[in-house]
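> I am attaching a structure below and will ask some questions about it afterwards.
There are 2 protein chains.
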Amino acid sequence: MQNKDLSLLKELGLKLTPQRLAIIEYLKGNKNHPSAEEIYNALKDRFPSMSFATVYNTLEVLVEKGLIKELSIDSSKKRFDPFTHPHHHFICKACGKIVDVEAPFEVFVPESLRDFQVEDFKVVFTGVCHECKKE
Amino acid sequence: MQNKDLSLLKELGLKLTPQRLAIIEYLKGNKNHPSAEEIYNALKDRFPSMSFATVYNTLEVLVEKGLIKELSIDSSKKRFDPFTHPHHHFICKACGKIVDVEAPFEVFVPESLRDFQVEDFKVVFTGVCHECKKE
DNA sequence: CTAATTGCAAAAATTTTGCAGGACT
DNA sequence: AGTCCTGCAAAATTTTTGCAATTAG
């Protein structure tokens, strides 16, 4: 999610409404992998009339245009990630925090996938984070 | 999900009702990573009175006891996997199929996680499967 | 001005829960 | 017999949808 993305949206004929700009602003640089509800709650003070439809609609557009990614990490709800470059995640089983893992390591693509066209892979680490380890 | 698991369930004071046995039987060796609804639909002919509550309750028990795993691969619904040994997955973006990847490869644990207690990792490959590649 | 977007409300989809009756050990 | 489990129905959660009113470009 970059600043230049704003002009990209415009070019595509999409309108930069205040609500959209607020959602984009909220997501920009956000490392908390928020859900739709978290985004809604964070913005409803500034936009008391905003509806979930707008949040979901905007998220859908941003995902479609590749400006954010939808995560399937939390099986109870969708989460969204403004960092679209290849990266991985660590989930703390104590506090539930999801941490970005930037290392661009390689994974051996196993023999069983030799006939498949493997385009990407994502690694999810689990364990206990530094803060929770102390307790 | 193994045969010996049945006696394990009994030992834990859990009852082997016909519905539970049917769900266990349906899951055993099943490589389709079914959702609760798929399990329900597959069994409702044999158990016309069976309710979702029973399916969800049984799945919860099986997950709790470690006999199956809940997957967070599909962001629209929970899926369940009777294979509890460490393994990974490939998702075909054309047909949506989820394929088990058995290779016990190692992943480099990145420096940024040095203060974390990393206990496990799962890899999700994406791409196009052999069948879909032909088309 | 016009097409895109919002907000509302209803609905769909998935999962959870309370409880009375029924079944397993 | 006693505890666990089932089925039902209602509710909670998350997400989607239709549509009239509004707004950005």
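Residue numbers (my numbering), protein chains in the order written: chain A, 2 to 136; chain B, 2 to 136. Note that CB positions come from ideal geometry on N, CA and C, so glycine has one too. Since we're looking at a predicted model, the values are computed, not measured.
Please determine, among A/S52, A/S36 and A/K66, the residue with the shortest C-alpha to C-alpha distance to A/E12.
Checking every option, the nearest Cα to that of A/E12 belongs to A/K66.
> Output yes if chain A places a C-beta closer than 9 Å to the C-beta of B/D82; else output no.
Chain A, which has no Cβ nearer than 9 Å to the Cβ of B/D82, makes this no.
> Using 8 Å as the threshold, is the segment 109-120 of chain A in touch with the segment 101-112 of chain B, meaning 3 or more CB pairs across them?
Touching, yes, given that three or more Cβ pairs across the two stretches are closer than 8 Å.
> Which residue's Cα is closest to the Cα of A/A95: A/P35, A/N33, A/K134 and A/P49?
If we check each option's Cα against that of A/A95, A/K134 comes out closest.
> Can you tell me whether B/K123 is helix, strand or coil according to DSSP?
DSSP places B/K123 in strand when its eight states are reduced to three.
> Does the count of Cβ pairs from the segment 11-27 of chain A and the segment 47-55 of chain A closer than 8 Å reach three?
Yes, since at least three Cβ pairs between the segment 11-27 of chain A and the segment 47-55 of chain A fall closer than 8 Å, the two stretches touch.
> Using a cut-off of 9 Å between C-beta atoms, extract the partners of A/S113 located in chain B.
What A/S113 touches in chain B: F91, V100, D101, V102, E103 and A104.
> Which stretch, first to last residue, makes up the alpha helix (DSSP H) that contains A/V64?
F53 to E65 is the span of the alpha helix (DSSP H), which, as asked, contains A/V64.
> Using DSSP bridges, identify the partner residues of A/V100.
A/V100 is bridged to A/F91.
> By the criterion of Cβ-Cβ separation under 7 Å, what are the contact partners of A/E71 in chain B?
Those within 7 Å of A/E71 in chain B are S76.
> Quick check: the Cα distance between B/N31 and B/K78, rounded to an integer number of angstroms?
When rounded, the distance between both Cα atoms is 18 Å.
> Report the neighbours of A/E120 on chain B: residues whose CB is nearer than 7 Å to its CB, in chain order.
Those are T127 and G128, listed as they occur along chain B.
> For a quick check, are the C-beta atoms of A/T127 and A/F91 less than 9 Å apart?
Yes; because the gap between Cβ atoms is below 9 Å, this pair is in contact.
> Three-state secondary structure (DSSP) at A/E107?
A/E107 falls in the coil class under three-state DSSP.
> Taking buried to mean at least 16 other C-beta atoms within 10 Å of its own C-beta, is B/K70 buried or exposed?
It is buried - the Cβ of B/K70 has at least 16 other Cβ atoms within 10 Å.
> Roughly how many whole angstroms lie between the Cα atoms of B/D121 and B/H89?
So the two alpha carbons sit approximately 11 Å from each other.
> Rounded to the nearest angstrom, what separates B/N42 and B/L114 at their Cα positions?
Their Cα atoms are separated by approximately 43 Å.
> Give the DSSP-derived three-state secondary structure of A/E71 in the structure shown.
Reduced to three states, the DSSP call for A/E71 is strand.
> Specify the secondary structure class of B/Q118 as computed by DSSP and reduced to three states.
The answer is strand: DSSP assigns B/Q118 an E or B state.
> Identify the continuous alpha helix (DSSP H) that holds A/R21 and give its terminal residues.
From DSSP, the alpha helix (DSSP H) with A/R21 extends over P19 to L28.
> For the segment 24-53 of chain A, which residues have a beta carbon sitting closer than 9 Å to at least one beta carbon of chain B?
Answer in chain order: no residues at all.
> Since B/F84 sits in a beta bridge, which residues does DSSP pair it with?
B/F84 pairs with nothing; no bridge assigned.
> Out of B/V119, B/V124, B/V100 and B/Q118, which has the shortest C-alpha to C-alpha gap to A/D116?
Of the candidates B/V119, B/V124, B/V100 and B/Q118, the one whose C-alpha sits nearest the C-alpha of A/D116 is B/V100.
> I'd like the list of long-range same chain contacts for A/C130, defined as Cβ closer than 8 Å, with 5 residues on each side in sequence excluded.
Closer than 8 Å at the Cβ level, and outside the excluded window around A/C130, lie F91, C93, A95, C96, K98 and V100.
> Could you give the first and the last residue of the continuous alpha helix (DSSP H) run that contains B/H131?
It spans H131 to K134 - the alpha helix (DSSP H) in which B/H131 sits, taken as one unbroken run.
> Does DSSP classify A/S113 as helix, strand or coil?
Three-state DSSP puts A/S113 in a helix.
> Can you tell which of A/P35, A/E132, A/E136 and A/I24 has its C-alpha closest to the C-alpha of A/R47?
Ranking A/P35, A/E132, A/E136 and A/I24 by Cα distance to A/R47 puts A/I24 first.
> With A/P87 and A/M2 assumed to form a contact (beta carbons below 8 Å), what rounded beta-carbon distance in angstroms separates them?
About 15 Å; that fails the 8 Å criterion.
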